[in-house]
Amino acid sequence: MEPFQTFEGLVCPMDRPNVDTDQIIPKQFLKRVERQGFGKFLFYNWRFDKEGRKNPDFILNQPKYADTSILVARDNFGCGSSREHAPWALQDYGFKVIIAPSFADIFYNNCQKNGILAVTLAPDLVDRLIKAAEQRTLFLTVNLGQQSITGGDFAVNFSIDPYQKEMLLKGMDEIAVTLTHEDAIAAYEKKVI
2 MEPFQTFEGL VCPMDRPNVD TDQIIPKQFL KRVERQGFGK FLFYNWRFDK
52 EGRKNPDFIL NQPKYADTSI LVARDNFGCG SSREHAPWAL QDYGFKVIIA
102 PSFADIFYNN CQKNGILAVT LAPDLVDRLI KAAEQRTLFL TVNLGQQSIT
152 GGDFAVNFSI DPYQKEMLLK GMDEIAVTLT HEDAIAAYEK KVI
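All residue numbers for the sequence shown refer to the working numbering, where the first residue is 2 and numbers rise by one.
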């Protein structure tokens, strides 16, 4: 996992509440165990019609948002099943940051464990961002160390669990943390066996 420190990206406004993981990555695409390759199936049922043609009305198919990497959504983003493929698909598509008033708990934690910064902001701030990104091209700078989001006339600080912040800053997941103690683990195993 790459360390997350400061990131600047184009905002895509997803003005929908309760976006569930089956919409993020539909079940028919969950046949792989690798983390890569899911981006092309992200929001598949919304991005494509039954013949596989792009739906021009879906936000990610609009040229204005072609290079987006920051998703701003409404309440309860990532609800539904606990599939870890959902953050994998978002990350593989290119999203590094997701901002919403609330997230499903398992989805939120899966994002942080996979290197996506999920930020919870008050509904009025999210509303401002969605409206601004719909009206013009909006770039935001997200500084995890300072826990700040800035861009245009927008500036706000956000909260994050200190442990999750540290893991993202270092680019580590729980396996990587365990491996930092590899010598001690090997020494213990040598003693026990």
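Beta carbons are placed, not taken as given, at the ideal position from N, Cα and C, and that holds for glycine.
Asked: Uninterrupted beta strand (DSSP E) stretches inside the stretch 19 to 79 (no shorter than 3 residues); Found: 69 to 74
Asked: Range of the contiguous alpha helix (DSSP H) that encloses Ile131; Found: 124 to 136
Asked: Rounded C-alpha distance that separates Lys28 from Gln37; Found: 16 angstroms
Asked: The stretch 47 to 58 touching the stretch 171 to 181, judged by at least three CB pairs closer than 8 angstroms; Found: no
Asked: Proximity test, Asn46 beta-carbon vs the ligand FMN heavy atom, cut-off 7 angstroms; Found: This structure does not include the ligand FMN; it has no bound ligands of any sort.
Asked: Simplified DSSP assignment, three categories, for Leu11; Found: strand
Asked: Element boundaries [beta strand (DSSP E), containing Ala87]; Found: Element bounds for Ala87: not the beta strand (DSSP E) but the alpha helix (DSSP H), 86 to 94.
Asked: Beta-carbon separation (whole angstroms), Asp93 vs Gly40, contact threshold 8 angstroms; Found: 3 angstroms
Asked: Whether Gln148 touches Phe159 by CB criterion (8 angstroms); Found: yes
Asked: Length of the line joining the Cα atoms of Asp118 and Lys55; Found: The amino acid occupying residue 118 in the given sequence is Leu; Asp does not appear at that position. Spanning the two alpha carbons is a distance of roughly 28 angstroms.
Asked: Three-state class that DSSP yields for Asn111 in the structure shown; Found: helix
Asked: Expected contact under 8 angstroms - CB spacing of Pro102 and Val127 to nearest Å; Found: 5 angstroms
Asked: Extent of the continuous alpha helix (DSSP H) run through Thr179; Found: 175 to 180
Asked: Leu130 vs Asp68 beta-carbon contact at 8 angstroms; Found: no
Asked: Reduced DSSP secondary structure (H/G/I, E/B, other) of Ala185; Found: helix
Asked: Residues near Asn19 in its chain [Cβ-Cβ closer than 6 angstroms; skip 5 each side]; Found: Asn77, Cys80
Asked: Ala90 versus Phe30: straight-line alpha-carbon distance, rounded; Found: 10 angstroms
Asked: Other residues of its chain near Ala123: CB distance less than 6 angstroms, five sequence neighbours each side excluded; Found: none
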